[in-house]
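Okay, so here's the structure we're looking at.
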Amino acid sequence: MIEITFPDGAVRQYEKGITAQEIAQSISEGLAKKILAAKVNGSVIESSRPIENDATLKLLTWEDPEGKATLWHSSAHLMAEALEAFYPGIKFGYGPPVENGFYYDVDLGGRLLTSEDFKKIETKMAELAAKNNPYIRREILKEEALNYFTEKGDGYKIETIHELKDGEITFYEQGNFTDLCRGPHLPHTGFIKAIKLMNIAGAYWKGDENNKQLTRIYGITFPRQKELDEYLQLLEEAKKRDHRKIGKDLELFIFDDDVGQGMPLWLPNGGAMIEELESLAKRTEERAGYHRVKSPHIAKESMYLKSGHLPFYAESMFPPMDVDGTKYYLKAMNCPHHHKIFSAVPRSYKDLPLRLAEYGTCYRYEQSGELFGLMRVRALNMNDAHIYCSEDQFEAEFRAVNEMYLKYFKIFGIEKYVMRFSTHDPEKLGKKYLDLPELWKKTEDMVRNVLINSDIPYVEVPDEAAFYGPKIDVQIWSVIGREFTLATNQVDFGQPLRFELTFQNKNNEPETPIVIHRAPLGTHERFIGFLIEHYAGNFPLWLAPRQVIILPISDRHLDYAEKILSMLRQERVRVEVDHRSEKIGKKIRDAEIKKIPYMLVVGDKEAQEEMVSVRKHGSGDQGQVSIREFITNINKEATVN
RNA sequence: GCCGAUGUAGCUCAGCUGGCCAGAGCUACUGAUUUGUAAUCAGUGGGUCGGGGGUUCGAAUCCCUCCAUCGGCUCCA
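Counting from 1, position 89 in the first sequence corresponds to residue 88 in numbering that gives the first Met the number 0; the numbering is continuous, with no gaps.
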């Protein structure tokens, strides 16, 4: 007998060699039908694998992430089986489960597969799934595995097998399809009830752009049709929040062919949002002791050679322009300019920490295929500042920057994000990273300490640092699930050396400062793109491009409407009047569609008593108040710190 | 940059097995209406059918090419 411990702590005894499936069966028939896989001693295995020793057991269903992954992983194999039926000789790369479904990278040998082929593949998959074919696991020797795929002529699998050792190679077989795979898989294909192929894309073999590009087919499956329907519904909803759509609907920004790719034009509504955001940032930074500086958009090659950017970033910068025989570059970052401002006058330890802020426009030559609405542009305004401090000031300064992040996140109600602490890879010193091993170690330790001491949850990612030092990035997701870095906080010990920045320390000796690059709001483009999706266009009053619209009942109330308009303008409220001789219902409808926070309905009653009837976007009629009271209320509501 | 798809009025879309002067709704403008909390009625305007080449008696519809956008890959704030 063996002892099985369940997640709730219960311990039960079973025959040695019992399977998770049989245990589920012994609990209830209904449960047994839902078990997709099992987690035994922390690792996920097939529910049909015998358990030989005492173990902890979790039965995995669709509700568990590992359950979903198992269903999707098995679905990838099912899709591969269907594909092989239509495209004999097809070769397979990787076919893993992902966050929403699965994909398989395939080499069709020059044949074309388009979304028009999805229907027939889905149908074939459904047909195969209905056969309830079991997924059969087989441990196999390396040589045998190589023979199988050599015979089949699949070089990708052969390459993968070569990276594996004997004893860790398993095959999975279902129906007429055998694949090299680590597993685990479903008991049989019958668990896959609803199938949808999503899209098709090119993907480099092993993610390396020097390798051949394979065809990647994305799909998703569910244990019930209803769940597929709900998922598709969810995608539709997400599309409505897409900042590119809302940006157009609310007239926030556009892109124009004549201006260029990735160069947003901010329309007045978007302009108002940019103003508010920058004003918030300026207030915040003033209070935190920052100084505002300003630098030009272009600079000579010599400066970027000195900063070290050119060797590392040349491909991300616009090609230089020749001015009287000297190369000038559009600036891709503000830091070198700020270093020059630091060194403009002799600095004493009494000047530190010196915090220089600028929202200068930078230009980055992003690959054309990377551009994405406001989230990825070529002309961008960084929420930039550089803090020059001594080593013993570093921790306090770095901590203060993190606190500023958190303050902003609170204002905007940003809860879903991940802090990534990027460190260097010692093997790439001198190549990807500046060759200063002691400084790397020292600064990485300092950053880690700040994170730990501030109790900030983070994940550490090796080999993702900037070339000049470690950094912290805040990752967020666009509404369609794409991941972006929103904010960044970077340590730089490289540029101060290169620019020979020094301050006179207490012992009257020159000392090199550490620089912190920080952009808590990232770029204003990306941040607003994010906010549009975050709020689905229903902005808080202070940020809303149009805050109030006055809706006269009829033309004879226009004078009164104009009077309120000018009163509100004096209060710097962004307000307009709907002059059209439409019915009030129409005016309200249009104002609601424009997501304007407050609608003021004015007719005879209001005009006589100096009142306004307040209607709030999304929540309807709020009743009448005096103009004064309304102004007091919205001023209060629109206050952010 | 790479793979695939798409590109018709300001917006959303129809037309695209080649052939009546290229359509609809919303928007805009004009007129009528003077309206009380999510669409009043009528009229008018508006399109190099992404750009450029080609095939054809004839192309928005077929072919080539360039540009842009979208979905991914690679990169990244």
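Glycine included, each C-beta is placed from N, C-alpha and C at the ideal position.
Practice prompt. Taking only the alpha-carbon atoms, compute the straight-line gap between L433 and K305 and give it to the nearest angstrom.
Written response: One C-alpha to the other measures close to 13 Å.
Practice prompt. Taking only runs that begin and end inside the stretch 235 to 301, name each unbroken beta strand (DSSP E) of 3 or more residues, in chain order.
Written response: Counting only runs of 3 or more residues that sit fully inside the stretch 235 to 301, the beta strand (DSSP E) segments are 297 to 299, in chain order.
Practice prompt. Kindly indicate which three-state DSSP category I455 falls into: helix, strand or coil?
Written response: Of the three classes helix, strand and coil, the one that applies to I455 here is coil, per DSSP.
Discussion item. Among R223, K585, L542, whose alpha-carbon lies nearest the alpha-carbon of R571?
Written reply: The shortest Cα separation from R571 among R223, K585, L542 belongs to L542.
Item to complete: State the Cα-Cα distance for the pair I89 and Y364, rounded to the nearest angstrom.
Response: One C-alpha to the other measures close to 37 Å.
Discussion item. Please report the distance separating the alpha-carbon of L140 from that of L179.
Written reply: When the Cα atoms are used, L140 and L179 turn out to be separated by approximately 12 Å.
Fill in: Where P551 falls, given that 16 or more other Cβ within 10 Å makes a residue buried
So P551 counts as buried.
Practice prompt. Under the assumption that V473 contacts Y416 (Cβ atoms under 8 Å), give the Cβ distance between them as a whole number of angstroms.
Written response: The C-beta separation of V473 from Y416 comes to about 5 Å, placing the pair in contact by the 8 Å criterion.
Discussion item. My output table needs one value for S477: the three-state DSSP class, helix, strand or coil.
Written reply: Three-state result, S477: coil.
Fill in: Span of the alpha helix (DSSP H) around E142
Membership of E142 in the alpha helix (DSSP H) is indicated by the continuous run 141 to 151.
Worksheet item: How big is the Cα-Cα spacing for L163 and K281?
Response: In a straight line, the C-alpha of L163 is about 55 Å away from that of K281.
Discussion item. Under DSSP, the beta strand (DSSP E) around Q24 begins and ends at which residues?
Written reply: Q24 -> not in any beta strand (DSSP E); alpha helix (DSSP H) instead, spanning 19 to 26.
Worksheet item: What number of angstroms, rounded off, separates the C-alpha of V39 from the C-alpha of L450?
Response: Rounded to whole angstroms, V39 and L450 show a C-alpha spacing of 34 Å.
Practice prompt. Thinking Y134 and L185 are a contact (beta carbons under 8 Å), I'd like their distance in whole angstroms, please.
Written response: The Cβ separation is near 6 Å, so the contact holds.
Practice prompt. Would you mind stating whether A237 and I479 have Cβ atoms separated by less than 8 Å?
Written response: In this structure, I479 lies closer than 8 Å to A237 by Cβ.
Worksheet item: Among D424, N488, F492, which residue has its Cα nearest to the Cα of L438?
Response: Selected option, being the one with the closest Cα: F492.
Item to complete: Go ahead and label S565 buried or exposed: buried means 16 or more other beta carbons lie within 10 angstroms of its beta carbon, across all protein chains shown.
Response: Here S565 is exposed. Its C-beta has fewer than 16 other C-beta atoms within 10 Å.
Discussion item. I need the boundaries of the alpha helix (DSSP H) containing V400, first residue and last residue.
Written reply: Going by DSSP, V400 is part of the alpha helix (DSSP H) stretching over 390 to 411.
Item to complete: Quick one: grab the DSSP three-state call for E229.
Response: In the structure shown, E229 sits in a helix (DSSP, three-state: H, G or I).
Item to complete: Assign H242 to buried or exposed, taking buried as 16 or more other Cβ atoms, counted over all protein chains shown, within 10 Å of its Cβ.
Response: For H242, the number of other beta carbons within 10 angstroms of its own is at least 16, and it is reported as buried.
Item to complete: Could you tell me the distance, in whole angstroms, from the CA atom of V97 to the CA atom of S367?
Response: Going by C-alpha positions, V97 is about 26 Å away from S367.
Worksheet item: Are the Cβ atoms of Y362 and R377 separated by less than 8 Å?
Response: Annotated as proximal: Y362 and R377, with beta-carbon spacing under 8 Å.
Worksheet item: So what's P551 in DSSP terms, helix, strand or just coil?
Response: P551: strand per DSSP, three-state reduction.
Fill in: Short Cβ contact (8 Å threshold) for E21 with Q12
The criterion of a C-beta distance shorter than 8 Å is not satisfied by E21 and Q12.
Item to complete: Assign H556 to buried or exposed, taking buried as 16 or more other Cβ atoms, counted over all protein chains shown, within 10 Å of its Cβ.
Response: Counting Cβ neighbours within 10 Å, H556 comes out buried, since at least 16 surround it.
Discussion item. Which runs of the alpha helix (DSSP H) at least 4 residues long sit entirely within the stretch 478 to 509? Give them in chain order.
Written reply: With a minimum length of 4 residues, the continuous alpha helix (DSSP H) runs that stay inside the stretch 478 to 509 are 493 to 497.
Item to complete: Going by CA-CA distance only, name the one from I34, K119, G94, L70 that's closest to A84.
Response: Looking only at I34, K119, G94, L70, the smallest Cα-Cα distance to A84 is reached by K119.
Worksheet item: Ends of the beta strand (DSSP E) at N52?
Response: In the DSSP annotation of this structure, N52 is not part of any beta strand (DSSP E), being labelled neither H nor E.
Worksheet item: When DSSP labels each residue in this structure, what does K615 get in the three-state scheme?
Response: K615 falls in the strand class under three-state DSSP.
Worksheet entry | Helix, strand or coil at S625 [DSSP, three-state] | Correct three-state label for S625: strand.
Item to complete: Just the C-alpha distance for A486 and P519, rounded to the nearest angstrom, thanks.
Response: Spanning the two alpha carbons is a distance of roughly 5 Å.
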